[in-house]
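To start, the structure itself, in structure tokens.
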Amino acid sequence: MVEQKHLGHKDTVNLGSYYTPAWLVDIVYSLIEKNASNAGDYCILDTSCGYGGFLRGAKTIGADIDEKAVETAKQTSPHGVYFNHNSLFKIARSQYNLGKNEKIIIVGNPPYNDTTSIIRNDIKKAKFLRDADVMSRDLGISFLLSYDKLAADFVCVLHPLSYLIKKANFQALGQFRNNYKLIDSVVVSSGVFSATSKLTSFPIIIALYERNLFGMDCEYIQNYPFKTNDNKVFSIKEYDTIGNYISKYPNHKTVGKRDAVAYFYTMRDINALKRAATFLEKETGNAVRVTKKNLAYYCYVDVFKDYISHIPYYFGNNDIMINNDCFRELEPLFVSRSAQKHPKLGSYIEARKYTGEEAGITGYFKELLGVHYVD
Ligand SMILES: C[S@@+](CC[C@H](N)C(=O)[O-])C[C@H]1O[C@@H](n2cnc3c(N)ncnc32)[C@H](O)[C@@H]1O
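The opening position of the sequence shown corresponds to residue -12 in this note's numbering, with each subsequent residue numbered one higher.
Laid out in structure tokens, this is it:
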């Protein structure tokens, strides 16, 4: 892999300049070859090309906002056509001298930072202008929307799996999801990017989309069999989630203060739970009111956090999963384990140590996760 080495920390973060290892680019091309007949007839376009690591084939076009990256790309692969511009502004095929009927495949690894976290520095704000119809909180979503504006025949790019599986993100994909369908993919861990591996790993999908009259809906994604690079297969629909039993977010509008027996930190996804608190000492802006009736389910989440190292990275953006029938059978184990950790719960639940507690709970997680259980 050619690592990006000309930018300082701030620019690297702001431009999302984490370059892609060649073996991931190989996966992109194997997906294309498997699914697009006559792939050689297409023009390959990467609108965030960096040093041009994704540009392979007879006809390639690369563009990047980073002038030095484009210079390096030109030197490494001089046969290609290059542009140094902002690919999210005045998006049109004409920006690339591409005609309406030209067949194109967009490849690459667009930046996927949350634009609200751009570090202030000398990069001029004007450089980050975006067309109104590709505006989104996340730069990566803006890029996907730009591929739709360019009417690419195929799109084969890396992006966080959360764009597809988090409902709000999927909605934000707007015209992209109306006009493209996921036809093949491989999920890998963000940990494969050496520069980001210190952070909690999250799933990245290498996704091949085909332009399609019907696009894709939530249901399609929920049922989609995602495959990982180590041959695990999972779909989101397979799992029941905690949100079907309790509130994940502050619920003071529906649960009165007097009914609260405990407080619990807001639950986003599994990766958030890794870092977050569970039971809270007192009510805060992020607190969920726990009632006596549903306390056991919050104990479940508290124990789930202890077992998070057994959950694979690719479920990191999923909601907390539960097998309700198995849980109800083992409920006393979960509850007492949680009570041992949080003595204040003692007036509502008994902190008694059951024999076989650890084995019972481990057994539960092995059953819940099946082949996905991480030893
Ligand atoms: C994750 S890197 C990918 C680089 C290269 N394709 C690779 O994977 O090796 C993201 C690239 O997007 C570029 N970029 C960020 N915002 C851009 C924009 N608005 N227009 C064009 N390029 C942009 C960055 O300069 C960076 O080179």
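Idealized CB from N, CA, C, for every residue including glycine.
Check this for me: beta carbons of residue i and residue j, under 8 Å apart or not?
i, j, result
"Ser188", "Ser172", "no"
"Asn100", "Thr7", "no"
"Leu11", "Ile233", "no"
"Ile295", "Leu317", "no"
"Asn304", "Ser129", "no"
"Val174", "Phe213", "yes"
"Ser181", "Ala159", "no"
"Cys30", "Ile19", "no"
"Thr253", "Asn273", "yes"
"Ala9", "Gly27", "no"
Rounded C-beta distance between residue i and residue j? I'm assuming under 8 Å.
i, j, result
"Leu132", "Val121", "4 Å"
"Thr370", "Tyr301", "Because the chain in this structure spans residues -12 to 362, residue 370 falls outside the shown range and cannot be described."
"Thr271", "Val288", "In fact, because the Cβ distance is near 17 Å, the residues do not count as touching under 8 Å."
"Asn166", "Asn199", "7 Å"
"Val361", "Ile307", "That belief does not hold up - the Cβ atoms of Val361 and Ile307 are roughly 16 Å apart, past 8 Å."
"Val366", "Phe41", "Nothing can be reported for residue 366, as the shown portion of the chain is limited to -12 through 362."
"Pro147", "Leu126", "Incorrect: roughly 11 Å between the Cβ atoms, too far for contact."
"Asp118", "Leu75", "7 Å"
"Val290", "Ile348", "6 Å"
"Arg276", "Asp246", "7 Å"
"Cys286", "Phe314", "About 10 Å separates the two Cβ atoms, so there is no contact after all."
"Glu344", "Asn310", "Glu344 to Asn310, Cβ: 18 Å. No contact."
"Lys279", "Val248", "5 Å"
"Leu332", "Ser325", "7 Å"
Nearest CA to the CA of residue i: which residue from the options?
i, options, result
"Tyr38", "His(-7), Lys46 and Ser17", "His(-7)"
"Asp33", "Asn71, Thr(-1) and Asp(-2)", "Asn71"
"Ile170", "Leu356, Asn210, Gln(-9) and Pro319", "Asn210"
"Lys235", "Lys168, Tyr250 and Ile336", "Tyr250"
"Thr228", "Cys286, Arg276, Lys77 and Asp256", "Asp256"
"Glu206", "Glu197, Ile152 and Val248", "Ile152"
"Thr196", "Asp140, Lys340 and Pro330", "The sequence given here places Tyr at residue 196; Thr does not occur at that position. Ranking Asp140, Lys340 and Pro330 by Cα distance to Tyr196 puts Asp140 first."
"Ser17", "Tyr5, Glu(-10), Glu54 and Arg43", "Arg43"
"Gln327", "Glu54, Lys340 and Gly27", "Lys340"
"Asp53", "Leu2, Val322, Lys331 and Phe321", "Leu2"
"Asn218", "Lys46, Ser24, Ile19 and Val358", "Val358"
"Ala50", "Thr59, Ser35 and Tyr351", "Ser35"
"Ala138", "Tyr351, Ala79 and Pro190", "Ala79"
"Thr59", "His(-4), Gln(-9) and Pro190", "Gln(-9)"
"Arg262", "Tyr284, Tyr83, Leu186 and Arg324", "Leu186"
"Met203", "Gly161, Gly230 and Pro237", "Gly161"
"Tyr351", "Pro319, Pro330 and His329", "Pro319"
"Lys168", "Asn22, Tyr5, Ile191 and Asp13", "Asn22"
"Glu268", "Gly243, Pro330 and Ser24", "Pro330"
"Phe163", "Val179, Gly230 and Val142", "Val142"
So what does residue i bridge to, in DSSP terms?
i, result
"Val275", "Phe251"
"Arg198", "Tyr167"
"Val142", "Ile93 and Tyr196"
"Met122", "According to DSSP, which records beta bridges pairwise, Met122 is partnered with nothing at all."
"Asp308", "Contrary to the premise, residue 308 reads as Met rather than Asp in this sequence. According to DSSP, which records beta bridges pairwise, Met308 is partnered with Thr228."
"Cys30", "Ile91"
"Ile191", "Pro147 and Val175"
"Leu2", "In DSSP, Leu2 forms no bridge with anything."
"Leu267", "Tyr250"
"Ala50", "Phe70"
"Thr349", "Answer is none; Thr349 lacks a bridge partner."
"Asp101", "Asp125"
"Phe130", "According to DSSP, Phe130 bridges with nothing at all."
"Val290", "Val290 is not bridged to any residue."
Any heavy atom of ligand 3 closer than 7 Å to the beta-carbon of residue i?
i, result
"Ala50", "Of the ligands this structure carries, namely ligand 1, none is ligand 3."
- Task: Check whether the stretch 61 to 79 touches the stretch 87 to 94, counting contact only when three or more Cβ pairs, one atom from each stretch, lie closer than 8 Å.
- Result: Contact between the stretch 61 to 79 and the stretch 87 to 94 is absent, because fewer than three Cβ pairs lie under 8 Å.
- Evaluate contact between the stretch 328 to 343 and the stretch 219 to 228, counting only Cβ atoms and requiring at least three cross-stretch pairs below 8 Å. With a cut-off of 8 Å, the stretch 219 to 228 and the stretch 328 to 343 do not count as touching, because too few Cβ pairs lie within range.
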